[in-house]
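See below for the structure under consideration.
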Amino acid sequence: MMIMKKTPLALAVTAISLWAQPGAAADNEELTVTANRTQQPVSSVLAPVDIVTRADIDRWQAKTLTDALRRLPGVDIAQNGGMGQVNSLYVRGTEARHTLVLIDGIPLAKPGITGIADYNQIPISLVQRIEFIRGARSAVYGADAIGGVINIITQAEQPVSQLQVGVGSNHYQQYDGALRQTLGKDTLLTVAGAFQDTKGFNVQPQSTYVVDSDRDGFRSKTFWAGVDHGVSDAFSGFIRGYGYDNKSEYDANYPDGGDIRQLYNHTWESGLSFTQGDYTSQLTLSLQKYKDYNYASTQGRYQRGTSLDDMEQRNLQWGNSYRIGRGMVSAGIDRQEQRLVSHDDYASDRYKRINTGYYLTGQQAFNDVTLEAALRGDDNNQFGWNTTWQTAVGWTFTPGYRATLSYATAFQAPTLGQMYGQQRLYIVASPDLKAEKSKQWEVGLEGLTGPVDWRLSAYQNKIDNLIDYFYNGSTFQGAYYNIQSATIRGVEWTGSMDTGIFSHRVTLSYIDPRRDSDNEVLAHSSRQQFKYQLDWAMFGFDMDVAWQYYGKGYYNNTNQFASEQRRMPSYSLVDLSASYPVTSHLTVRGRIANLFDKDYETAYGYPTAGREYYLSGTYSF
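Under the numbering used here, the letters of the sequence shown match residues 2 to 622, in that order.
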């Protein structure tokens, strides 16, 4: 894996300070900025953390962000078809809305009513690094971090320019390029663009509507530009902007129903960092604008039946950190303002939300014991004040082995649409919705036994005030309610080792998520997961084989309008990837996805693509 170095580029990600723990980490140890909003060695983080670099993404030949995320421990994906179709990500049995998604340390705006990030709409070309923290993290980041945090970093770790061209099954094609140029010794200029297109396949061949008999394709165009500048030894700053527009085709399921989605994103960010001695401070400003259209291809975008979610999100983050002894303390303020207009030709709904969060985190090592704590308060103009906290202890009881114990509280804020309804969707207002709240215990044991670097985790996550949705067929109206609680228990083991030319990574997990009222197993998560990754290099080829097994699960939970659960069968997948450096600058890569052409579903009623082939070439300079 690539190593994140302390550059103005790295400082731009989030509030960063240098971890000072003598002898705790080697000079080349990989660093993370997501766990505690401060730069520190991965080995010092007490929570389970996984990092995916751009080199990993290229090795796996991931064509979407979902392709990369599904390899991570505890992750389950439900996707309504192929590339560009709606998908949801579930972490450790929690709901999709319970995972906080950050882009460069800033929460991703989520237009619409569900509060779920649509990972297929984030171009993979933007992604240079992914940091994934499992477990509750609201005491550090606020709402949405019940299941974990995914930080998508768009800044490249090395100033390398490249061009890439790819083709594949279902008329897939991709073109992307990036120019990274240093101007003097203190300035880095980056300009990047990408195009991705596929005709897709017929997602619902069983549909009786003529408009649904076509392929469901996807097209994405992306542009990114930024400048990072070291003003002096103490000050550095950045300014950047990026945008993408995506067009997805899906099935209407009824005459003249919506079957086209177009999403437009424009994001601008700027920041200033100050570092002197043991103290680091950073101020970051962000503006995100989204226009999300859904319309019928038979009618056109500006005709009857078109809907638009027009969202604007402003973020201000000010973080400060200070090294103390063999640890650090950090504090800061997050302010977020959301504005959403959701309308069609019949009705219009307008929403506004302001949230201000105040956080304090600290970590300190005392000989063989490391202590960690965090406290945060969030003041929301709609659902009031929420206080969350977490604490953890790590004990290195013998060289190479560490035991950890942690407790954390977290919360999930209702979305704007859930609280105030959407007239055009016949969803009535639920202004009295309470935030979902969780309490999580986790016990961990990790060590290096011979060649095996491993970690064993056991956890329990108790979630109260779960939000659910009911549709009344007699009134033709739906609403959201706080109606239930759930308890999720699980065990997870991850391990990696090298044997000769081979590198192995294994994930084993068992999840038991249940509704407390009747002990019913919660939907959307496979109770057993087995993931195995094998990498090796031979005769100049860099090879990767990934085998993923997902046990049986359920698509839905019962309620007054659904008397039985739909069972999702188990399935396993094998992907094969290979790359070969033709020259020092040119690398060709190939991938076979779903090598054995398995028929399976991750979402009920939505078949997958079957076996797919991809070929690409990358020129670096």
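Just so you know, even glycine gets a beta-carbon here, dropped at the ideal spot from N, CA and C.
Check your understanding: Looking only at DSSP bridge pairs, what is Leu101 linked to?
Key -> Val150
Exercise for review: Closer than 7 Å by C-beta to Arg351: which residues in its own chain qualify, once you throw out the five before and the five after it? Chain order, please.
Suggested key: Val342
Exercise for review: Between the Cα of Thr488 and those of Asn152, Thr399, Gln156, Tyr460, spot the shortest distance and give me the residue it belongs to.
Suggested key: Tyr460
Check your understanding: Can the beta-carbon of Tyr251 be found closer than 9 Å to that of Gly451?
Key -> no
Check your understanding: What do you reckon, are the CB atoms on Glu613 and Asn121 nearer than 9 Å?
Key -> no
Check your understanding: Among all the DSSP beta bridges, which residues are the ones paired with Gln461?
Key -> Per DSSP, Trp442, Arg490.
**Study point:** Ranges of the beta strand (DSSP E) found wholly within the segment 360-398, counting only runs of at least 3
**Key:** 370-381
**Study point:** Three-pair Cβ contact test at 8 Å for the segment 405-419 versus the segment 137-146
**Key:** yes
Exercise for review: Would you give the residue range spanned by the alpha helix (DSSP H) that Ser298 belongs to?
Suggested key: Here Ser298 belongs to no alpha helix (DSSP H), and DSSP marks it neither H nor E.
Check your understanding: Quick one, which of Asp119, Ile153, Tyr91 has its alpha-carbon nearest Val53's?
Key -> Ile153
Review point. So, helix, strand or coil for Asn121, using DSSP?
Key: Helix.
Practice item. Using the Cα positions of Gln86 and Pro74, report the straight-line distance between them to the nearest angstrom. Key: 23 Å
Review point. Quick one: any contact between the segment 325-334 and the segment 358-367, if contact means 3 or more CB pairs under 8 Å?
Key: yes
Review point. Do you know offhand how far Val575's Cα is from Gln549's?
Key: 7 Å
Check your understanding: Out of curiosity, what's the CA-to-CA distance linking Gly591 and Thr619?
Key -> 11 Å
**Study point:** Residue interval of the alpha helix (DSSP H) (run including Ile58)
**Key:** 55-61
Point to revise | Inter-residue spacing [alpha-carbon to alpha-carbon] between Gly201 and Ser578 | key: 21 Å
Point to revise | Contacting residues, own chain, Cβ-Cβ under 8 Å from Gly306 (five flanking each side not counted) | key: Asp257, Gly258, Gly259, Tyr296, Ala297, Gln300, Asp345, Asp346
**Study point:** Cut-off 7 Å between Cβ atoms - residues of its own chain near Leu127, not counting five sequence neighbours on either side
**Key:** Thr155, Thr223, Trp225, Tyr243
Review point. Around the Cβ of Ala118, are there at least 16 other Cβ atoms within 10 angstroms (buried) or fewer (exposed)?
Key: So Ala118 ends up on the buried side.
Exercise for review: Kindly confirm or deny that the segment 101-116 and the segment 516-524 touch, where touching means at least three C-beta pairs closer than 8 Å.
Suggested key: no
Review point. Which value, in whole angstroms, describes the spacing of the CA atoms of Ser621 and Gln197?
Key: 20 Å
Exercise for review: Please confirm if the segment 128-141 is in contact with the segment 160-171, defined as three or more CB-CB distances below 8 Å between the two stretches.
Suggested key: no
Check your understanding: With a CB to CB cut of under 8 Å and the five nearest residues on each side skipped, what residues in its chain are close to Gln277?
Key -> Ala235
**Study point:** Cβ shell of Val429 (< 6 Å), same chain only, five flanking positions each side left out
**Key:** Only Gly422, Gln478, Ala480 meet the Cβ criterion.
Point to revise | Proximity below 9 Å, CB of Ser221 to CB of Asn203 | key: no
Check your understanding: When DSSP labels each residue in this structure, what does Ala538 get in the three-state scheme?
Key -> Ala538 carries a strand assignment under DSSP once its states are collapsed to helix, strand and coil.
**Study point:** Nearest neighbour of Ala547, chosen from Ala36, Trp61, Arg336, Leu317 [CA to CA]
**Key:** Trp61
Review point. Which residues in the same chain have their Cβ closer than 6 Å to the Cβ of Phe384, if we skip the five residues on either side of it in sequence?
Key: Ala436
Exercise for review: With a threshold of 16 other CB atoms inside 10 Å of the CB of Gln304, please say whether the residue is buried or exposed.
Suggested key: exposed
Practice item. Pick out the complete beta strand (DSSP E) segments inside the segment 253-319, 3 residues or longer, and give them in chain order. Key: Uninterrupted beta strand (DSSP E) stretches at least 3 residues long and entirely within the segment 253-319 occur at 261-277, 280-296, given in chain order.
Review point. Can you tell me the Cα-Cα spacing of Ser44 and Gly116, whole angstroms?
Key: 33 Å
Review point. In whole angstroms, what separates the C-alpha of Gln40 from that of Gly395?
Key: 19 Å
**Study point:** Lys532 - partner residues in DSSP beta bridges
**Key:** Thr508, Gln549
Review point. Is it buried or exposed for Met84, if we count other Cβ within 10 angstroms and need 16 for buried?
Key: Buried is the call here.
Check your understanding: What separation, rounded to the nearest whole angstrom, lies between the Cα atoms of Thr609 and Tyr615?
Key -> Straight-line Cα distance between these residues: approximately 16 Å.
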